[in-house]
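Chains as they are written, first to last, in this note's numbering: chain F, 2 to 250; chain A, 242 to 525. Note that the Cβ used here is the ideal one computed from N, Cα and C, for glycine as well. Predicted model only: the values in this text are computed from it and were never measured.
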Amino acid sequence: MFFYGFLGISYDFRWSVLWTPPHTSWLIDGLLTTLRVSATSWIIAVLIGILVGALRTVPFRPLRIVATAYVEFFRNVPLLVWLFFWYFGAPEALPESARQWLIHHGAEFVCAVTGMSIYHGARISEVIRAGIQSIPKTQLEAGLSTGLSVTQVYRLIIIPTALRLIVPPLTNESLNLLKNSSLAMTIGVGELTFATRQIETYTAKAFEAFTAGTLIYLALCLGIAYVMNRVERKFAIPGLIVRAGRAEH
Amino acid sequence: MKRFGIFLMVAVFVMSIAGLSAAETTLEKIKRTGVFTVGARSASPPFGYINKQNDWGGFSIDLARLVNAALEKKLGQAVKFELKESTPATRIPLLTSMAVDLISGTMTITRARRESVDFSLIFFGTGAQFLVKKGSPIKGVQNIAGKRIACQQGSTNERVLREQYPKANLVIFPDQAAGYTALTQGKVDAYTNDGIQLWGLKYKSPKPDDWNVVGDWYTYEPYGMAMRPNDAEFRLVVDSALMDAIDGGEYFKIYDKWFGPKSDVPYPLSPEARTLLKLQVVPK
């Protein structure tokens, strides 16, 4: 009434639907599922990202081509299509016994995590590649001139610097991954968006249910952004933080 | 000062929108825009679906066309008939936000829903059953414990299963297409929905004989058209259109088109259903 009255839509707000049983437990279950899907996918995606990102910079062309093909193939198809592929398409190619095992061990969750990890792995690998390539060549040369080996320069200078540099874009990717987990609903995973829609369909209180969903996602994302900010500051290299700070204005 | 000017312009703009739409009834909206927008189903044959030629068709859509004709008569002007996709989860928000004027799909009239929307008279009655592969051990709601049962989010049967049959392993999809595909791939043991929709899916499948609709109705699902609440004038137009169609036989022609012996989903109208329809027609 209060918000939408001026638009001529009469709507009777009833926020209590959010804490009426069993709606609260749906939201909590949804939140936990979102965290489970996102955390699992994030870990796998970062591992893929580091591997593929590094492969894209190695001085061996066939490996670079494979890594590039992977990235371009997976990041250029919408995630929703990938989820449908991993759930409705890929398991059909499995041997029957493996397929049955998958079906009885949470096929929805497994396929959602597979789809999200592979898609976001491709995106994160680009972030990591950019980080590695942003280190000037002179660093390598300076390192070598002090008597370090190439591996040592990578391990002691280039990688530590690169990992610090990519914190902001990695935060971005992580937030995207968390938000994209809402697509898992389309293949039957009962995550947070699913739970808010569930409340909405049971109570017809769309604004309340989606407001709750909005606020929970916002809180989660702000929380992640805050932690990543702290990480960034804690590990910042004094010469580099000045550049990072300037970007805020 | 410049900022204040922009603020003023925005304020005036918002207020003019508010003035336009404040307390506008559905009939006034249709008269002003010349468009009647209906929320329909896109994958629920034979009530509403998009066919192989990519055209909308269906029983509920044809009934909504009758409402469109009644609106043209009532307003004395041509009214464009527009369809938008609606799902159980989106249909009430679509109505509330004025994106559609009428939901004509497969919406069951319930008391909880009546708190948010108004319904027309009942235009079809059905009940929930299960679609299973031929030879499935599932014979009805009595033996679904521990089985993977696909259902559609926001449907009344999903609610009944969740509340009364907690031992069933529910896999809930946002739309019918996903739930049905999961069944055809053997990812779930049964797909549950209103019986008539399952018949529709069975007959639309490449091999209808491979699929069985099983079980007694474990819910009662009277379908109605939904509209924004407290809009008596519009509701009367909708109901009158349906009553005229039942009274004048138009309804039964449309029924025959979609459910008759020559249709894709033969589903003879039971004498009880015919009586239910007839009794809803009040005198002029």
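Using a 10 Å radius around the Cβ and a threshold of 16 neighbouring Cβ atoms, would you call residue i buried or exposed?
i                      : result
residue 292 of chain A : exposed
residue 507 of chain A : exposed
residue 17 of chain F  : exposed
residue 153 of chain F : exposed
residue 378 of chain A : exposed
residue 87 of chain F  : buried
residue 404 of chain A : exposed
residue 24 of chain F  : buried
residue 467 of chain A : buried
residue 414 of chain A : buried
residue 346 of chain A : buried
residue 220 of chain F : exposed
residue 13 of chain F  : exposed
Identify which residue in the options has its Cα closest to the Cα of residue i.
i                      : options                       : result
residue 439 of chain A : A:417, A:427 and A:423        : A:417
residue 436 of chain A : A:422, A:457, A:466 and A:513 : A:457
residue 121 of chain F : F:36, F:174 and F:90          : F:174
residue 311 of chain A : A:271, A:393, A:282 and A:405 : A:271
residue 201 of chain F : A:400, A:288 and A:424        : A:400
residue 71 of chain F  : F:127, F:136 and F:105        : F:127
residue 299 of chain A : A:324, A:316 and A:422        : A:324
residue 131 of chain F : F:33, F:169, F:195 and F:206  : F:169
residue 474 of chain A : A:304, A:307, A:315 and A:289 : A:315
residue 118 of chain F : F:199, F:104, F:150 and F:50  : F:50
residue 236 of chain F : F:198, F:205 and F:161        : F:161
residue 519 of chain A : A:365, A:410, A:276 and A:466 : A:365
residue 27 of chain F  : F:167, F:84, F:93 and F:210   : F:210
residue 46 of chain F  : F:227, F:178 and F:220        : F:178
residue 111 of chain F : F:140, F:186, F:157 and F:221 : F:186
residue 322 of chain A : A:375, A:454 and A:341        : A:341
residue 267 of chain A : A:337, A:307 and A:406        : A:337
residue 22 of chain F  : F:199, F:232, F:233 and F:217 : F:199
residue 420 of chain A : A:391, A:343 and A:488        : A:391
residue 304 of chain A : A:441, A:343, A:430 and A:328 : A:343
residue 368 of chain A : A:514, A:448, A:339 and A:320 : A:514
Run down chain A in chain order and give the residues with a C-beta less than 8 angstroms from the C-beta of residue i.
i                      : result
residue 35 of chain F  : What residue 35 of chain F touches in chain A: nothing, since even the nearest Cβ is about 16 angstroms away.
residue 207 of chain F : 333, 334 and 337
With a threshold of 8 angstroms between beta-carbons, can residue i be considered close to chain A, or not?
i                      : result
residue 231 of chain F : no
residue 196 of chain F : no
residue 115 of chain F : no
residue 200 of chain F : no
residue 104 of chain F : yes
residue 93 of chain F  : yes
residue 14 of chain F  : no
residue 17 of chain F  : no
residue 237 of chain F : no
Please report whether the beta-carbon of residue i lies at a distance below 8 angstroms from any beta-carbon of chain F.
i                      : result
residue 285 of chain A : no
residue 387 of chain A : no
residue 405 of chain A : no
residue 383 of chain A : no
residue 400 of chain A : yes
Residues of chain F with a CB under 8 angstroms from the CB of residue i: which are they?
i                      : result
residue 412 of chain A : 109 and 189
Does the Cβ of residue i lie closer than 7 angstroms to at least one heavy atom of the ligand GDP?
i                     : result
residue 54 of chain F : Questions concerning the ligand GDP fall outside what the structure shown contains, since it holds no ligand whatsoever.
Kindly list, in the order they appear in chain F, the residues whose Cβ is closer than 9 angstroms to that of residue i.
i                      : result
residue 417 of chain A : The premise fails here: residue 417 of chain A is roughly 13 angstroms from chain F at the closest Cβ pair, so nothing lies under 9 angstroms.
residue 395 of chain A : 198, 199, 201, 202 and 203
So residue i contacts chain A; which residues on that side make the cut at Cβ distance below 7 angstroms?
i                     : result
residue 86 of chain F : Under the 7 angstroms cutoff, chain A gives no residues; its nearest Cβ is about 12 angstroms from residue 86 of chain F.
Report the neighbours of residue i on chain A: residues whose CB is nearer than 9 angstroms to its CB, in chain order.
i                     : result
residue 89 of chain F : 419, 422, 423, 426 and 428
With 8 angstroms as the C-beta to C-beta threshold (strictly closer), list the residues of the stretch 313 to 337 of chain A near chain F in chain order.
Cβ contacts with chain F: 329, 330, 333, 334 and 337.
If you measure beta-carbon to beta-carbon, which residues of the stretch 159 to 190 of chain F are closer than 8 angstroms to chain A?
Against chain A - using a Cβ distance shorter than 8 angstroms - the residues of the stretch 159 to 190 of chain F are 186, 187, 188 and 189.
Near-chain F residues of the stretch 346 to 359 of chain A (beta-carbon distance less than 8 angstroms), N- to C-terminal order
Listed in sequence order: 353, 354, 356, 357 and 358.
Any residues in the stretch 202 to 226 of chain F with a beta carbon nearer than 9 angstroms to a beta carbon of chain A? Which ones, in chain order?
Residues 202, 203, 204, 205, 206, 207, 208 and 211.
To be precise: take each residue of the stretch 422 to 436 of chain A, compare its Cβ to all Cβ atoms of chain F, and keep it if any distance is under 9 angstroms. Which residues remain?
Cβ contacts with chain F come from 422, 423, 426, 427, 428 and 429.
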